[in-house]
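This note's numbering puts the first residue of the sequence shown at 1, with every later residue one more than the last.
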Amino acid sequence: MKKRTLLGDLTPAQFLKDYWHKKPCVIRQALPGFGPLLERDALFEMAAREDVESRLVTQFKQKWEMQSGPQTALPALTKKNWTLLVQGVNLHDDAADALLRQFNFLPDARLDDLMISYASDNGGVGPHFDSYDVFLLQAQGTRRWRIGAQTDLTLQQGVPLKILKHFAPTEEFDLEPGDMLYLPPHYAHEGVAIGECMTYSIGFRAPSFQELGEAFLTFMTDSIDLPGRYADPALTATTRPAEISSAMLAQVSAELNKVQFTKDDIAIFLGEYLSEPKASVFFEGPKRPLTLDKFMALAGKRGVALSRKTQMLYRGELIFINGESFEVDAADKALLSVLADSRVLSAVLTATASQDVAEALHDWYRQGWLNVIK
Ligand code: SIN
Ligand code: CO
């Protein structure tokens with residue numbers, strides 16, 4: 001018998017081949033018996049925090065409004081037509097992090113966050129499309145999704161959120177707890193709560209090339225090395241002093257064309273960029289950190305686990321963690337890639353760490369990037 005995954009009867013390979021980026025997919029009972037990982041009140045408390053991104057979307061008296069968090073005064077539960085969206089719940093809650101990690105048949109570099117939405121009866125964020133793939137997992141109550149493959153993605157003007165001007169859905173599904181809907185990027189959809197409901201969105205990250213290009217040029221400023229200074233020993237008198245001469249342009253062009261970048265530069269940039277924590281993420285190290293020896297003695301007995309907030313990636317002999325990069329030898333790479341992939345390093349493996357890796361682990365522990373397993 002085939003093992004059931006959270007993609008129902010589909011294997012990750014089948015799902016990626018037939019649906020990913022291509023067409024929607026409803027997976028009934030993707031997670032049988034699934035229920036909210038956080039109670040409603042805990043979610044509301046989270047939305048009131050300064051370090052949590054949230055939005056309140058209301059459609060009272062037919063008027064769309066949106067308010068960014070912290071959310072200190074939510075509408076009454078009995079009032080219809082409102083939705084609270086809490087972003088990055090995985091950064092703050094172990095169970096939410098564990099749920100997000102169940103999607104690790106997709107690369108960490110693509111996985112973004114777990115967003116939880118709470119909606120009062122009839123609540124929703126209106127018909128829209130997203131620029132990213134999304135899995136919409138129903139956690140509580142019923143949500144009615146209407147979706148369509150329309151190409152007219154014109155948005156309404158003068159509203160504080162993205163609402164399609166013409167929404168022409170062709171399919172409708174009621175999702176119950178444990179059911180999941182996958183939508184490819186730019187697929188029109190609208191989810192409306194049938195009674196109070198909670199939906200979990202597993203979101204993906206797809207940086208625009210413009211964003212990558214701008215960040216890459218900033219990254220490259222650190223490695224540019226152009227010795228010398230502009231000089232014009234053969235300068236002759238001009239009657240057009242305001243003109244930039246062809247000779248000046250040629251000399252500067254020749255120098256700037258020396259700025260080259262290699263695939264290795266791009267690999268370092270990409271790893272640092274994709275592992276950089278979001279602006280709202282703060283790490284807290286231990287108040288009284290153990291010394292290196294004591295840390296390794298304990299970690300060698302219990303193992304270590306990455307913090308929920310840590311993003312660790314690798315490529316070749318390069319290791320990236322929270323925006324920093326390190327070049328390592330093959331043995332260290334073997335160990336650190338286990339930590340990066342599984343987000344834990346067993347006691348047995350931790351005990352085999354080289355001096356370099358032990359120092360790195362200790363440094364990351366002191367910064368709150370990883371913890372000794374309890
Ligand atoms: C929601 O969960 O309310 C909205 C999610 C979405 O439509 O992308
Ligand atoms: Co959406």
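We put the beta carbon where it would ideally sit given N, CA and C, even for glycine.
Predicted model, so just to flag it, every value in this text is computed and none were measured.
Rounded C-alpha distance that separates residue i from residue j
i: A73; j: Q138; result: 25 Å
i: D18; j: R110; result: 19 Å
i: P185; j: I268; result: 28 Å
i: P207; j: T238; result: 49 Å
i: E39; j: W20; result: 31 Å
i: G141; j: E317; result: 47 Å
i: D174; j: R146; result: 9 Å
i: G303; j: Q87; result: 30 Å
i: Q59; j: D179; result: 26 Å
i: E50; j: G69; result: 8 Å
i: Y230; j: T236; result: 16 Å
i: M198; j: F34; result: 12 Å
i: V159; j: Y132; result: 21 Å
i: M66; j: L56; result: 6 Å
i: Q210; j: G300; result: 44 Å
i: D9; j: E176; result: 18 Å
i: Q251; j: G228; result: 12 Å
i: H362; j: S354; result: 12 Å
i: A242; j: L249; result: 14 Å
i: R366; j: F44; result: 31 Å
i: L77; j: D41; result: 11 Å
i: M46; j: V52; result: 7 Å
Own chain residues within Cβ distance below 8 Å of residue i, not counting five before or after
i: L298; result: L290 and V372
i: S245; result: T238
i: A330; result: E317
i: I27; result: L6, L7, G8, L10, D179, M180, L181 and Y182
Span of the beta strand (DSSP E) around residue i
i: G203; result: A188 to F204
i: D94; result: From DSSP, D94 is part of no beta strand (DSSP E) but of the alpha helix (DSSP H) over D94 to R101.
i: T83; result: W82 to V86
i: V338; result: Not the beta strand (DSSP E): V338 falls in the alpha helix (DSSP H), residues A330 to S342.
i: E255; result: Looking at the DSSP string, E255 is not in any beta strand (DSSP E); the run it does join, the alpha helix (DSSP H), is S246 to L256.
i: L56; result: S54 to F60
i: L318; result: L318 to I321
i: D174; result: E171 to L175
i: E327; result: E324 to E327
i: V26; result: C25 to I27
i: A119; result: L111 to A119
i: Q156; result: Here Q156 belongs to no beta strand (DSSP E), and DSSP marks it neither H nor E.
i: R315; result: M312 to R315
i: Q67; result: K63 to S68
Whole-number beta carbon distance between residue j and residue i, since they are thought to touch under 8 Å
i: E196; j: D121; result: 6 Å
i: P277; j: G213; result: About 21 Å separates the two Cβ atoms, so there is no contact after all.
i: G271; j: S325; result: 6 Å
i: N380; j: L100; result: Lying outside 1 to 374, the shown extent of the chain, residue 380 is not represented and no answer is given.
i: L217; j: K258; result: No, L217 and K258 are not in contact; Cβ-Cβ is about 16 Å, not under 8 Å.
i: W64; j: L161; result: 6 Å
i: P127; j: L164; result: 5 Å
i: D97; j: R308; result: 4 Å
i: L6; j: L31; result: 6 Å
i: A247; j: D232; result: 7 Å
i: A215; j: Y273; result: 5 Å
Residue i: first and last residue of the uninterrupted alpha helix (DSSP H) it sits in
i: R366; result: Q355 to R366
i: D264; result: K263 to S275
i: K17; result: P12 to D18
i: K294; result: L292 to R302
i: L370; result: Segment L370 to V372 is the beta strand (DSSP E) holding L370; no alpha helix (DSSP H) there.
i: R40; result: R40 to A47
i: G35; result: Careful: G35 lies outside any alpha helix (DSSP H) and carries neither H nor E.
i: G148; result: Segment V134 to G148 is the beta strand (DSSP E) holding G148; no alpha helix (DSSP H) there.
i: A351; result: A347 to A351
i: E211; result: F209 to M220
Sequence-distant residues of the same chain with beta carbon closer than 6 Å to residue i, five excluded per side
i: Q29; result: G178
i: S201; result: M115, V134 and L136
i: D382; result: In this structure the chain extends from 1 to 374, so residue 382 is not present and cannot be described.
i: E284; result: G368
i: A358; result: M296
i: A340; result: M312 and Y314
i: Q62; result: none
Cβ shell of residue i (< 7 Å), same chain only, five flanking positions each side left out
i: A305; result: R343, V344, L370, N371 and I373
i: G124; result: T83, E190, G191, V192 and A193
i: Y187; result: P24, F129, I147 and A149
i: S275; result: Q311, M312, L313, F320, I321, N322 and G323
i: A254; result: none
i: F261; result: M220
i: P36; result: A139, Q140 and M198
i: A48; result: P70, Q71 and T72
i: R315; result: A267 and G271
i: E327; result: E317 and L318
Any non-hydrogen atom of the ligand GDP closer than 7 Å to residue i Cβ
i: D130; result: Of the ligands one can find in the structure shown, namely the ligand SIN and the ligand CO, none is the ligand GDP.
Exercise for the section: Determine contact between the stretch 349 to 361 and the stretch 330 to 337, defined as no fewer than three beta-carbon pairs at a distance below 8 Å. Expected result: yes
Exercise for the section: Check whether the stretch 149 to 157 touches the stretch 80 to 100, taking contact to mean three or more Cβ pairs, one atom from each stretch, closer than 8 Å. Expected result: no
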